[in-house]
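K.L.:
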Amino acid sequence: MIRASLFSLLVGVAGAALLHVIIVLALPAFTGIDAYTKLTNYDADQRFVRFGAKPDAMGFSNGDPFLRTAACLVSVAERPVRLTASAGPVFWSFAVYDSDSNEIFSMNDRSQAGGDLDAIIGSPEQLARLRRDNPDAASDYVLIEMPRPEGYVVIRALAPTPSQDKAARDFLDGASCEGG
Numbered sequence: 002m003i004r005a006s007l008f009s010l011l012v013g014v015a016g017a018a019l020l021h022v023i024i025v026l027a028l029p030a031f032t033g034i035d036a037y038t039k040l041t042n043y044d045a046d047q048r049f050v051r052f053g054a055k056p057d058a059m060g061f062s063n064g065d066p067f068l069r070t071a072a073c074l075v076s077v078a079e080r081p082v083r084l085t086a087s088a089g090p091v092f093w094s095f096a097v098y099d100s101d102s103n104e105i106f107s108m109n110d111r112s113q114a115g116g117d118l119d120a121i122i123g124s125p126e127q128l129a130r131l132r133r134d135n136p137d138a139a140s141d142y143v144l145i146e147m148p149r150p151e152g153y154v155v156i157r158a159l160a161p162t163p164s165q166d167k168a169a170r171d172f173l174d175g176a177s178c179e180g181g
């Protein structure tokens, strides 16, 4: 009797914990306050929107006083998207997310030859076609496979001192995410 009660109690506690984890992870999708949904309220299709130091109406901000941040909505439903930006700040990084805010890919200037950002985001079929038509594509660009057609890109530039702020802002302003 005691064993059955103890087993029931343990199963109940484990089930409740699992249910709570599922609810917490699923909550953004049900409430519409995930990053992708918020970004759709901007005019951020195929252009980077730079965020300020203070949170805006959607709650986006740099979050870190030494980082400058921008985001761009991307869709590979019809054609691949090309990301470009010229080297400039002390350090930059970017990350690609799907529409559920799952990180698909990330890298920084330390892993890019020459320090320039030049990447192509596409569906598996689009990238296979690109590799077939241009065998040198893998060496010319960073090729990023999107499993879903919709997503977004976040790009960050480091500005640890006021004198480096202009270079970071210019880098973000010069960055593009356009269909190609």
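Each residue of the sequence shown is one higher than the one before, counting from 2 in the working numbering. Think of the CB as a built atom: it goes at the ideal place given N, C-alpha and C, for glycine as much as any other residue.
1) Which whole-angstrom value describes the C-beta separation of Arg51 and Asp174, a residue pair presumed to lie in contact below a C-beta threshold of 8 Å?
2) Rounded to a whole number of angstroms, what is the C-alpha to C-alpha distance between Leu68 and Val155?
3) Please confirm if the region 125-138 is in contact with the region 34-43, defined as three or more CB-CB distances below 8 Å between the two stretches.
4) Give me the residue from Asn109, Leu10 and Ser9 with the minimum Cα distance to Ser87.
5) What is the residue span of the alpha helix (DSSP H) that Thr85 lies within?
6) I need the DSSP call for Ser94, collapsed to helix, strand or coil.
7) Is the Cβ-Cβ distance between Ala158 and Val143 less than 8 Å?
8) Given that a residue counts as buried once 16 or more other Cβ atoms are within 10 Å of its Cβ, and exposed if not, what is Pro163?
9) If we count the other Cβ atoms within 10 Å of its Cβ and call it buried at 16 or more, is Pro81 buried or exposed?
10) Suppose contacts are defined by Cβ-Cβ distances below 8 Å. Is Ala176 in contact with Ala96 by that definition?
11) Looking only at C-alpha atoms, which of Ile145, Ser140, Ile105 and Asp171 sits nearest to Val91?
12) So, using beta-carbon positions, are Asp99 and Pro136 closer together than 8 Å?
13) Under the assumption that Glu179 contacts Arg83 (Cβ atoms under 8 Å), give the Cβ distance between them as a whole number of angstroms.
14) Counting only the same chain and skipping the five closest in sequence on each side, list residues whose C-beta sits under 6 Å from that of Glu146.
15) Do Arg132 and Asp139 have their beta-carbon atoms positioned less than 8 Å apart in this structure?
P.N.:
Reading off the structure:
1) Right, the Cβ-Cβ distance comes to about 7 Å (below 8 Å), so this counts as a contact.
2) If you take the alpha carbons of Leu68 and Val155, they lie about 12 Å apart.
3) As far as the Cβ criterion goes, the region 125-138 does not touch the region 34-43, which means the pair count is below three.
4) Looking from the CA of Ser87, the closest CA among Asn109, Leu10 and Ser9 belongs to Asn109.
5) Thr85 -> not in any alpha helix (DSSP H); beta strand (DSSP E) instead, spanning Val82 to Ala86.
6) Secondary structure of Ser94 (DSSP, three-state): strand.
7) Not a contact, by the Cβ cut-off of 8 Å.
8) Per the 10 Å Cβ criterion, exposed.
9) By the neighbour-count criterion, in which a residue is buried when 16 or more other Cβ atoms sit within 10 angstroms of its Cβ, Pro81 is buried.
10) Contact: no.
11) Of Ile145, Ser140, Ile105 and Asp171, the residue nearest in Cα terms is Asp171.
12) No.
13) With 8 Å as the limit, Glu179 and Arg83 qualify as a contact, their Cβ atoms being about 6 Å apart.
14) Answer for Glu146: Pro125 and Leu128, listed in chain order.
15) Correcting the residue identity first, residue 139 is Ala in this sequence and not Asp. In this structure, Arg132 lies closer than 8 Å to Ala139 by Cβ.
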